[in-house]
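Asker: Starting off with a structure, shown below.
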Amino acid sequence: MSNSGSVRAVAIRPDQPHTVHPVSLQLYTPGPGQVEIDVVRVGVCGTDREIIAGEIGFPPLGLDELVIGHEVVGRVTAVGSSVNDIAVGDLVTVTVRRPDDCAACRSGEPDMCTEHRYVERGIAGAHGFMAERVIEDEEWVIKVPDRLEPIAVLTEPLTVVEKAVRQARLIQRRLNTWEPKTAVVLGAGPIGLLGTMLLRSQGIDVYTAARTPAPNPAATLVEACGATYVSTRDTPLLDVAAGLPRIDIVLECSGASRLMLDGMDILGNNGVMVLLSLTPEHDLAEAPVGRINRSM
């Protein structure tokens, strides 16, 4: 590879909280199977906040800095000699995780990795996308229709809820018939909102619960897609659920231990609850385990 100059990027020192700073990186010309991407947009989410706070994340081997950013959309500016399906000018996004050699990763399911030796761009062991340009192997690059450029940066978080609902449906194959009609989404951050929209697109009645009272921007988006927004500050979740039909799906997207346990409590017979958030270790909550166990 030959050096094609330097690019500006944003990095942190993972062992030191709140060390966001600009850096200059050397960029190489793409190898035979690689593409060069001019970054258009990079998303910032709760994971990035945790990385910046020093709670998670580690740099590439041998380095002490990590370029952040794992949600990206950009334009291809150059391709290697053996690249077949990506062309200069294509709008693209890039997947985050690079598999290790475990059985799940070898089978094409790196999200099910059993050994946790993978690396993730912008999170764990590999530089991310918060840079002017990046180089990536073609196999991890996905073309995006031009009309989706304003929202394509949400592809990565959308894959989280797509997987959640897909796995829920796969699990429910154990039943002869399962036709989910009512869902509750806990949390109205990006993951919760995308989960709300996905479930609504499948014709499911959705109730999205979050702490902030309406009106607020999240409530507006929830109502705009035909779902119902409820504030747990105004009405406890158990009281909300008492007035609903049987709840077939619960997506936990809040990261709050109390809501996670309440989600188990409100789940209907033969329902599925999918946990999409990570709760802090210090966030303790009591639960009526006996009642939850009897209702399952």
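Take the sequence shown: its position 254, counted from the start at 1, is 911 in this note's numbering, and no numbers get skipped.
Each residue gets a CB set at the ideal place from its N, CA and C atoms; glycine is no exception.
Could you check how far apart the C-beta atoms of L850 and A875 are, in whole angstroms? I think they sit under 8 Å.
Answerer: Correct: roughly 6 Å between the Cβ atoms.
Asker: Give the DSSP-derived three-state secondary structure of T812 in the structure shown.
Answerer: Three-state result, T812: helix.
Asker: Would T865 pass as a contact of A881 if the rule is Cβ separation under 9 Å?
Answerer: Taking 9 Å as the Cβ cut-off, T865 and A881 do not qualify as a contacting pair.
Asker: M930 bridges to which residues according to DSSP?
Answerer: In DSSP, M930 forms a bridge with V907.
Asker: Where does R774 fall in DSSP's three states?
Answerer: R774: coil per DSSP, three-state reduction.
Asker: Compute the Euclidean distance between the alpha carbons of G711 and I792, then round it to the nearest angstrom.
Answerer: Going by the C-alpha atoms only, they are around 26 Å apart.
Asker: Can you tell me whether DSSP reads P679 as helix, strand or coil?
Answerer: P679: strand per DSSP, three-state reduction.
Asker: Once DSSP output is grouped into helix, strand and coil, what is the label at I861?
Answerer: Note: I861 maps to coil in three-state DSSP.
Asker: Report yes if the C-beta distance between G782 and P717 is below 9 Å; otherwise report no.
Answerer: The answer is yes: Cβ separation under 9 Å.
Asker: Note down, in chain order, each residue of its chain lying with its Cβ closer than 6 Å to the Cβ of A840, except the 5 sequence neighbours on either side.
Answerer: Here the set comprises L856, I861, V863 and I906.
Asker: How many whole angstroms separate the CB atoms of A788 and V724, which I take to be in contact at a CB cut-off of 8 Å?
Answerer: About 6 Å separates the two Cβ atoms, so the contact holds.
Asker: For the alpha helix (DSSP H) holding E880, just list the boundary residues, first then last.
Answerer: Its alpha helix (DSSP H) spans residues P874 to A881.
Asker: Return the Cβ separation of K800 and V749 in integer angstroms, given the expectation that the two are a contact with Cβ distance under 8 Å.
Answerer: Indeed they touch by this definition, with Cβ atoms about 6 Å apart.
Asker: Confirm, please, whether the CB-CB distance from S858 to A871 is below 9 Å.
Answerer: Against a cut-off of 9 Å, the Cβ pair of S858 and A871 comes out as no contact.
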